[in-house]
Amino acid sequence: MSGGTGAAAVVPLASRQAGPAGDDDGVLAERVRAGDAAAFDALVNRYMRRAFAVAYRLMGQKEDAEDLVQEAFMAVLQRIGTFEAGRPFAPWFFRILVNRGLNARKSRSLRAVEAIPEATAAHGPSPEREAERTELRGRLRTAMDALPERQRVIVELFELEGFAGPEIAEILEISDATVRWHLHEARKTLKKALAPYERSA
Amino acid sequence: MDNLERDPRLAAALRDTYGDAPEIDFAALRARVTAQAELPLARMRKTQPRGWRPLRALVPLAAAAGIVGATLVLTRPQEKPLTQADHQQVEQILEATTPALSDLVAPQGGSDELLNAALGS
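Top to bottom, those sequences are chains A and B. Take the first sequence: its position 66, counted from the start at 1, is 66 in our numbering, and no numbers get skipped. With the second sequence counted from 1, adding 201 to any position gets you our numbering.
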């Protein structure tokens, strides 16, 4: 389970703007604007893994995440006319994905954590240790659920998906300072929830 | 610019809780997405200007300008060249309305006669 999409996720967006043998995102986006199917496919291939990882964080279910990725790419086609040439494609694309994901989550009253299965529960530590870990996971989930949605998304994108602060700022259309502040507040809350386990660890 | 540092312990705890996104059949997802995109992309190609097509927008304007120009040319009064009869008619009119040169020259009598003539005496 681990290492699949997660390993790819820590590559910063900036380094993905041009593939080794491919056009950069801006050129591809311009070609998509002209209806070029090959350019669209190249963008899909370049971003679908990371898009799925983010979608999965937001939706909590594999099928919902796949649907969200598909919707986001279709939205790219609908809105490609509004994409400003010369601007980076990735934050623009992930903004579409995250906004759609948040709306879908709201409308379905879904919390991502509800559907995500226990991650690594079957790995053989002692029953005591396992019980402690289960409790820790429960506390962390409760704390994450209690976070304001924006803070939660920032934690997911920064700590789990490897997005940089400025990238998150661009995706969420807020300032770097606001990202920092939300992250600081979220960490404070989460660390408070984890404090008993930090001491025992 | 990004001097935000990740918190490895928090990240590990979150990863332990939520796990990574599962592996899926990305080839199938890609095929689904590109298949669904075929129609919108075809529409975009159809509406996309190519070659002289950017000038299409100017066609109605050019047509309107052409119609206006043609109307002006067709309705403009024609200037026909003067015929010999016209020339004769003009000369007759000039002769009838222009005083003889001798009338314009001062009479021999001198300035007194001119003054008297002017005063009507």
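For each residue, glycine too, the CB sits at the ideal point set by N, CA and C.
Checklist entry - Under 8 Å Cβ-Cβ, which residues of chain A neighbour A212 (chain B)? => result E159 and L160
Checklist entry - Is the CB of R277 (chain B) under 8 Å away from at least one CB in chain A? => result no
Item to check | Residues, ordered as in the chain, of the stretch 61 to 74 of chain A that lie near chain B by beta-carbon distance below 8 Å | outcome: K62, A65, E66, V69, Q70, F73 and M74
Checklist entry - L194 (chain A) touches chain B at which residues, Cβ-Cβ below 9 Å? => result R210, L211 and A214
Checklist entry - Alpha carbon to alpha carbon, how far is L183 (chain A) from E167 (chain A)? => result 14 Å
Next on the checklist: Output needed for E156 (chain A): all residues of its chain with C-beta closer than 6 Å, excluding positions within five of it in sequence on either side, in chain order.
Outcome noted: R57
Checklist entry - Between the stretch 224 to 241 of chain B and chain A, which residues of the former have a C-beta closer than 8 Å to a C-beta of the latter? => result E224, I225, F227, L230, R231, R233, V234, T235, Q237, A238, E239 and P241
Item to check | Beta-carbon neighbours of L183 (chain A), restricted to chain B and to distances below 8 Å | outcome: L205
Checklist entry - Can you find a C-beta in chain B that's less than 8 Å from the C-beta of L77 (chain A)? => result yes
Checklist entry - If we cut at 8 Å on Cβ distances, does N45 (chain A) have a partner in chain B? => result yes
Checklist entry - Is DSSP giving D36 (chain A) helix, strand or coil here? => result coil
Item to check | Residue-level contact to chain B via CB, A37 (chain A), 8 Å cutoff | outcome: yes
Item to check | Beta-carbon spacing of A131 (chain A), M59 (chain A) below 8 Å | outcome: no
Item to check | Residue-level contact to chain B via CB, R31 (chain A), 8 Å cutoff | outcome: no
Next on the checklist: If you reduce the DSSP assignment to three classes, tell me which class D24 (chain A) lands in.
Outcome noted: strand
Checklist entry - If you draw a straight line from the C-alpha of R95 (chain A) to the C-alpha of S107 (chain A), how long is it? => result 18 Å
Item to check | Unbroken alpha helix (DSSP H) run spanning S107 (chain A), endpoints | outcome: F89 to S107
Checklist entry - How about the stretch 41 to 55 of chain A and the stretch 127 to 144 of chain A: do they share at least three Cβ pairs that are nearer than 8 Å? => result no
Next on the checklist: Here's the rule: buried if 16 or more other CB atoms are within 10 angstroms of the residue's CB, otherwise exposed. What is L230 (chain B)?
Outcome noted: buried
Checklist entry - With 16 other CB atoms within 10 Å as the buried threshold, where does I171 (chain A) fall? => result buried
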